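Down below is the structure, laid out as structure tokens.
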Amino acid sequence: GEDVLRSHKCITKPTLTLLEFVNEGLNWQGTCQDTVDFFESVVLSLRVMDQIPVVFLIDQCNAFCEVQSSASCCSRIADMFLNWNNFRMVRGGIFYAFSSSFRIMPAAKDGNHCLILQLRPMDKSSFGSLLEEQVTSGQLSKDFTPFLDDLYAHCAGLPRELLTFSTVFREHPDYDFKDLQHEHLLERVDVYRNRISTLLMKKTLGKELACESVTFACRLLMGEKMSKVPPIWVEAGMVVRTDRFYHLICKAAELALYQTFNDDTMLTALSIFQDDPSVRWRALELAFIYVFRTSMISGNSVVFTCTNLCGVGEKQFFVGIHSIHRSESPPQPRSIERGTLVVCRRNQALIDFFIYATDGSKIMVQVSESSYTEHRSKWGSARESVLAEFDRAVRPGSRAAVKYVYVTTSKCLMRNNLLSRSQYFDPEVLLVSNAKGAASKFFRGLIG
């Protein structure tokens, strides 16, 4: 190993052709330290050359840079390439950085041309070709091309996701396709959870950037379509843009977002919304969705503790879901499966959420800071039209129970007296209020 290293101390020595030099590197048997020494000697030798017919392909080059400044991360390899503009060459050296994240290193140029390339997700045809190559090369001993549509959606067209899927298959060759998907998802969630955590850290990002990043994450969590995105989310390789809107890169990233948004992060997010009067009302909507998101992860049902509008007759019921759908514009979803929470469109009369629970029950939910008496919409006035609209979307013949739940942080109740009850008293309305702390408990203390 030392003889080979010594013979390559300077690339200007006519010891090897370029192809032989590359192959020598592929067969290198030295230690990690030897390899870095060897690589540095080659790169430094380029300082004295004007032109070189070579292309550098650097994987995960962003690992060499600090998150905020593109400064060197105390890495010898980082120092080598961050000094690239000090080299004498003017043409010929091409530096490609292949990475799922995309922080441009300003020193990585050929003359005046930046040559860092961000890899985009593959289209289905290219992804299918890569899948075939995995079978041909023996990385996959089973032909998964019959599952191409599902696998493409699962991996979001990302080569690295297919490669890690292949690894999971080799570890569990007896698993069926669904089990492999599940196992792969669990493995990849940790990777994306770590990335998202760094995007939400106030300590490393600073107050202003952290606020922007957390707000963006909140809106993703609520299922909104985002036409703008904080640059750090693009640089971290967490989002892609399709049809004018940004979304998380893959299913593992989506699950990671739900898991990363713990109670502490949610408190920060809610404080951002509550401090802005123009969007203060959205804090309740965010908290409500968060309660159901976390229940989806844990597999536990959400508990509603309700009374009538006078605070009498406490009862509980449990609601389970496995998916959340946001309806942005009319009409509402044409088909709603059991276990679905629908976030209603902005101009939907009367309700904010419709739940077609796993047990088949249909639950209409309104959330508000106001008491039921003060709220502008009342259940009785629009009951039939709202039910009719959603009944068309659930499975035909559904005769399960229908509930209307009014969730409020207000402590105000109607008087429990037949003579003094408000004209708005409706025995069908189930109330979750803060008169006895039920709303605060429902929201897990995030909003009280």
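Throughout the sequence shown, residue numbering follows our numbering, covering 894 to 1341 in sequence.
Every residue gets a Cβ at the ideal spot worked out from N, C-alpha and C, and that includes glycine.
Small disclaimer: the values here were computed from a predicted structure and weren't measured.
Alpha carbon of residue i to alpha carbon of residue j, nearest angstrom
| i | j | result |
| --- | --- | --- |
| residue 1353 | residue 1146 | Missing from the structure shown is residue 1353; the chain here goes from 894 to 1341 and no further. |
| residue 887 | residue 1141 | One cannot answer for residue 887 here, as it falls past the ends of the chain, which runs 894 to 1341. |
| residue 1184 | residue 929 | 50 Å |
| residue 1083 | residue 1067 | 24 Å |
| residue 1203 | residue 1105 | 41 Å |
| residue 1034 | residue 1149 | 30 Å |
| residue 1114 | residue 1152 | 11 Å |
| residue 1305 | residue 1267 | 10 Å |
| residue 1273 | residue 1206 | 20 Å |
| residue 997 | residue 1227 | With a pLDDT of 49 at residue 997, under the threshold of 50, the modelled position of this residue cannot be trusted; read the value that follows with caution. Approximately 44 Å between the Cα atoms of the pair. |
| residue 1353 | residue 1111 | For residue 1353 there is no data in the structure shown, the boundaries of the chain being 894 and 1341. |
| residue 1144 | residue 1107 | 20 Å |
| residue 1235 | residue 1318 | 27 Å |
| residue 1027 | residue 1170 | 54 Å |
CB contact flag (residue i, residue j, <8 Å)
| i | j | result |
| --- | --- | --- |
| residue 1139 | residue 1119 | yes |
| residue 1250 | residue 1212 | yes |
| residue 1324 | residue 1279 | no |
| residue 1255 | residue 1283 | yes |
| residue 1070 | residue 1109 | no |
| residue 1333 | residue 1303 | no |
| residue 1081 | residue 1060 | no |
| residue 1262 | residue 1297 | no |
| residue 1253 | residue 1293 | yes |
| residue 1088 | residue 1131 | yes |
Burial state of residue i, where buried means 16 or more other Cβ atoms lie within 10 Å
| i | result |
| --- | --- |
| residue 1074 | buried |
| residue 1065 | exposed |
| residue 1281 | exposed |
| residue 1229 | buried |
| residue 1079 | exposed |
| residue 1245 | buried |
| residue 1077 | buried |
| residue 1354 | This structure cannot settle anything about residue 1354, because the visible part of the chain is limited to 894 through 1341. |
| residue 1190 | exposed |
| residue 1316 | exposed |
| residue 1301 | buried |
Minimum C-alpha distance to residue i - residue among the options
| i | options | result |
| --- | --- | --- |
| residue 1090 | 1249, 1265 and 1154 | 1154 |
| residue 1126 | 1116, 1098 and 1136 | 1098 |
| residue 1237 | 1130, 1217 and 1058 | 1217 |
| residue 1021 | 1031, 1013 and 1051 | 1051 |
| residue 1053 | 1030, 1014 and 1122 | 1014 |
| residue 1017 | 1335, 1030, 1044 and 1339 | 1044 |
| residue 1116 | 1024, 1178, 1029 and 1317 | 1178 |
| residue 1248 | 1220, 1270, 1264 and 1275 | 1220 |
Residue i CB to nearest heavy atom of the ligand SAH below 7 Å
| i | result |
| --- | --- |
| residue 1073 | This structure lacks the ligand SAH; in fact it carries no ligand of any kind. |
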